[in-house]
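Numbering (our numbering), first residue to last: 18 to 325. No residue lacks a Cβ here, since even glycine has one placed at the ideal position from N, Cα and C. A short worksheet on the structure shown next.
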Amino acid sequence: MVFHGRGWSLFGIHIVNVFLTLVTLTIFYFWAKVRGRRYVFGQTEFEGDRFTFHGRGTELLLGFIKAMVLFGIPLTALNYVPQILDASTPVTAATSLAAYALVLVLIPVARAGARRYRLSRTSWRGIHFSFRGRTAEFVRVFVVGSLLAVVTLGFYYPVFATRNHAFMMRHSYFGTAKFDFDGHGRDLLVDFLYAVLLTLPTFGFAWFWFAAAKRRYFWERTSFLGARFRSTVTGGRLLRLKLGNLLVIILTLGLGWPFAMIRTARFTCRHVMLEGALDLGAIRQHAEGATATGEGLLSLFEADLDLG
């Protein structure tokens with residue numbers, strides 16, 4: 018893949034977005050997200066053609082409102098109503114536990130919904146991507162994995178992360194063609210243990226090497242129509258990217274955020290490739306609608322998907 022984006026181009030879009038977001042009392046924020054994504058996607062090229070993002074600000078706004086009504090209000094009520102009513106300690110504890118349980122369920126709901134929406138609004142050569150996984154099934158995978166990670170003091174994390182990623186990839190499509198993933202969490206356990214053991218001696222920097230190993234493994238275990246992805250990311254390269262982005266943002270008092278985004282997108286495209294012959298002529302369009310509720314729910318948690 019090749020990324021053609023330039024920092025100053027995205028900076029111009031970003032400045033206008035910030036101004037309009039302030040003038041409209043944050044309402045333009047949803048259109049700002051669309052404008053940013055449309056630029057980044059449109060500057061990403063594969064096999065001579067660029068990707069297109071078809072999302073609209075109206076969809077994100079309505080999705081956020083729907084998420085607030087369905088999930089934000091109940092969550093806020095569970096957190097604050099007992100305090101306002103001066104409820105007894107057992108009642109307060111029960112509502113707090115219910116709030117934590119609700120968040121544990123809402124996170125996978127948000128991730129699945131956001132992926133469904135984003136893929137449905139992304140196309141290449143006129144053919145759209147899609148996500149066809151059942152949200153309830155992903156909730157089960159996520160909740161069970163989260164509980165096992167807690168019980169095992171975090172050592173279940175490699176399996177947890179791999180199963181989450183496997184679910185997302187195995188239910189992702191480009192037109193009628195399906196992506197596949199054949200990874201197993203146990204393959205990352207050694208890298209994970211190294212990171213744990215080296216956390217203190219390396220002041221935590223060892224985790225960049227685990228993150229790179231995880232990225233390489235996830236990409237290289239992903240295939241599409243017989244072709245397989247390959248990643249050349251390393252811990253050192255990832256560390257330089259993250260530290261460079263941090264310095265750019267700090268030294269510019271936040272104004273350098275667009276340049277950090279461009280660096281990240283270029284890094285991802287440079288270190289990911291697809292090897293093998295692709296029979297793209299066999300792919301057909303698949304029509305599937307999706308709402309932006311999951312996208313709005315992710316906004317409630319102030320989360321986003323990392324590039325690469």
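Evaluate residue i with the Cβ neighbour count: other Cβ atoms within 10 Å of its Cβ, from every protein chain shown; 16 or more gives buried, anything less gives exposed.
i	result
M199	In the sequence on display, residue 199 carries Asp and not Met. The residue is exposed, with fewer than 16 neighbouring Cβ atoms inside 10 Å.
D208	buried
E76	buried
R301	exposed
G29	exposed
D321	For D321, the pLDDT reaches just 46, beneath the cut-off of 50, and the residue's location in the model is therefore unreliable, leaving the point undetermined.
F36	exposed
F220	exposed
V176	buried
R157	exposed
Y97	exposed
H31	buried
A212	buried
L258	buried
P99	buried
A294	exposed
L95	buried
A131	buried
R105	The sequence shown places Ser at residue 105, not Arg. S105 comes out exposed.
Quick test of your reading: residue i and residue j, contact by CB under 8 Å. State the CB separation rounded to the nearest angstrom.
i	j	result
F146	P125	Contact doesn't hold; Cβ gap of about 20 Å is too wide.
G22	V51	In fact, because the Cβ distance is near 16 Å, the residues do not count as touching under 8 Å.
A178	G202	7 Å
T139	F246	Actually they are not in contact, since the Cβ atoms of T139 and F246 sit about 17 Å apart, beyond 8 Å.
V289	M85	Not a contact, Cβ separation roughly 35 Å.
A49	T38	6 Å
F196	T239	6 Å
Measure the Cβ-Cβ separation of residue i and residue j and say whether it is below 9 Å.
i	j	result
N34	F20	no
I279	G24	yes
F191	F241	yes
H188	G150	yes
L92	A111	no
G332	A228	In the structure as shown, the chain begins at 18 and stops at 325. Residue 332 is therefore absent and cannot be evaluated.
L256	F235	no
F284	L27	no
T216	R233	no
T69	W141	yes
F88	L123	yes
F159	R133	no
L297	E64	yes
L121	S163	yes
Just grab the DSSP bridge partners of residue i for me.
i	result
M290	R247
E62	V19, R67
T239	F198
Y174	Partner(s): none; Y174 has no beta bridge.
F191	F146, A194
Contiguous alpha helix (DSSP H) assignments of at least 4 residues, all confined to the segment 80-163
Complete alpha helix (DSSP H) runs here, min 4: 90-101, 106-137.
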